[in-house]
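Numbering-wise, this note's numbering comes out as the position in the sequence shown, counting from 1, plus 27. Ideal placement from N, C-alpha and C gives every residue a C-beta, glycine not left out. Presented below is the structure to which this report refers.
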Amino acid sequence: MRSATSPAPLPILAAVVAMIGVVLTLVSLGPDYFEDGLPFRDITSELVYYVVFALGLIAAAALLVAGRATRATGAAMLVAMTVTFVGSRTVNGALALSDFQGLGAGVVIDLIAYSFVWIAALLAVIGLILDRSPVWAPGGRAWFAALGAATGFLLAVSYSMNIAAFPFSGPGNAQGSPFMPVLPRGLWGPVLVVAALVALPALVALARAPIAIGLAAGLGVFMVAELLHRVLRSYGEVNGRDPGLDPIEGTWLFLLFSLFVGGALAVILAVPARSQDSVST
């Protein structure tokens with residue numbers, strides 16, 4: 028039987044695959060996303076979004092290899108980041124490849140990076156299953172799950188709203204809602220993210236401590252990245268220039284409800300009953 032600090036093949040493999048995803052994600056910032064378009068490194072909001080995503084992946088990979096006591100946390104964090112960060116952009120990128128001409132190397136590298144992250148999350152979950160680690164906390168707490176789902180729903184609503192608008196313009200010039208994709212099939216991506224935003228806080232209430240912490244951390248990384256992306260969409264620069272946008276309700280309500288969700292997660296994680304869980308069973 029392995030000790031609490033001994034390595035395990037699947038978590039280590041998941042961490043390696045996740046790190047490949049990190050490298051490819053950062054590489055994708057260089058080339059143009061479209062043949063006549065800007066690379067994401069020249070768009071402040073996209074650059075920050077991808078850097079936060081990469082840092083979160085590095086943290087999850089480190090937890091996967093640190094020892095048995097942290098494997099479940101790393102796996103849960105990786106899963107939470109995959110269904111939030113990667114879900115929507117994988118769908119939209121795949122649709123772009125199938126329906127648009129003149130794509131640059133950036134979008135192709137991006138999709139390859141996302142594929143590695145999906146594989147890493149799958150390997151991490153399989154590793155948990157084979158390790159026979161318990162997932163659910165004894166006597167799951169329905170009231171806390173309801174609190175988590177309610178706050179997650181508010182976050183999901185604000186996520187679906189428009190991010191910015193041109194100043195001194197009519198309501199028809201609002202833009203940035205994930206639920207207004209270029210192609211109707213692109214709705215599958217935002218739907219996945221909305222489902223994850225509602226479900227993850229509830230699962231934090233029902234899962235045992237190591238997994239709950241990982242799910243909360245992964246969701247937290249997404250909220251930080253998405254919030255910075257929305258604020259910098261208006262206040263950042265595009266190729267060194269002011270984009271000429273004003274933040275609207277989709278930015279400020281996302282900030283407000285992120286604070287609500289963060290508070291709810293803190294309350295749920297602080298419940299003393301979790302101290303009875305063993306992280307080395």
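Are there 16 or more other CB atoms within 10 angstroms of the CB of residue i, so buried, or fewer, so exposed?
i	result
N266	exposed
D269	exposed
A173	exposed
S302	Below a pLDDT of 50, predicted positions are generally treated as unreliable, and S302, at 42, falls in that range; the measurement from the model is reported next regardless. The residue is exposed, with fewer than 16 neighbouring Cβ atoms inside 10 Å.
A169	exposed
I240	buried
A87	buried
I136	buried
P36	exposed
CB-CB under 8 Å to residue i, same chain, minus the five flanking residues each way: which ones, in chain order?
i	result
G271	F193, P194
A234	A103, V162, W163, A164, L242
P71	With the sequence shown as reference, residue 71 is identified as Thr, and Pro is not the correct amino acid for it. Result list for T71: L259, G263, E264, V265, in chain order.
F276	Before going on, a small fix: residue 276 reads as Glu here, not Phe. Once the five neighbours on either side are set aside, the close Cβ partners of E276 are S185, M188, N189.
L74	L56, F67, R68
F143	V44, A45, I47, G48, L51
F80	T52, M108, F112, V248, A252
Among the residues of its own chain, which have a CB less than 6 Å from the CB of residue i, if the five just before and after it don't count?
i	result
F180	V225
L182	L224, F284, V288
H256	S72, Y76
V106	A148
A232	R168, F171, A172, G175, I295
P274	A191, S261
A132	P58
G245	M104, A107, M108
M28	Since pLDDT at M28 reaches only 42, below the 50 mark, its modelled position is unreliable, and the value read off the structure follows with that caveat. Nothing listed; no residue qualifies.
Y60	G131, G133, V134
V110	A223
Can you tell me which residues form a DSSP beta bridge with residue i?
i	result
F61	L130
I70	V265
A86	Looking at the DSSP assignment, A86 forms no beta bridge with any residue, so it has no partner.
A234	W163
Assuming residue i and residue j form a contact by the criterion Cβ under 8 Å, report the distance between their Cβ atoms to the nearest whole angstrom.
i	j	result
V44	I146	5 Å
A291	P228	6 Å
L91	P38	4 Å
D99	S160	According to the sequence displayed, residue 99 carries Ala and not Asp. At roughly 5 Å, the Cβ-Cβ gap stays under 8 Å, so A99 and S160 are in contact.
Tell me which residues share the same chain as residue i and place their Cβ nearer than 7 Å to its Cβ, disregarding the 5 neighbours each side in the sequence.
i	result
L280	S185, M188
I139	L51
Which runs of the beta strand (DSSP E) at least 3 residues long sit entirely within the region 123 to 170? Give them in chain order. none
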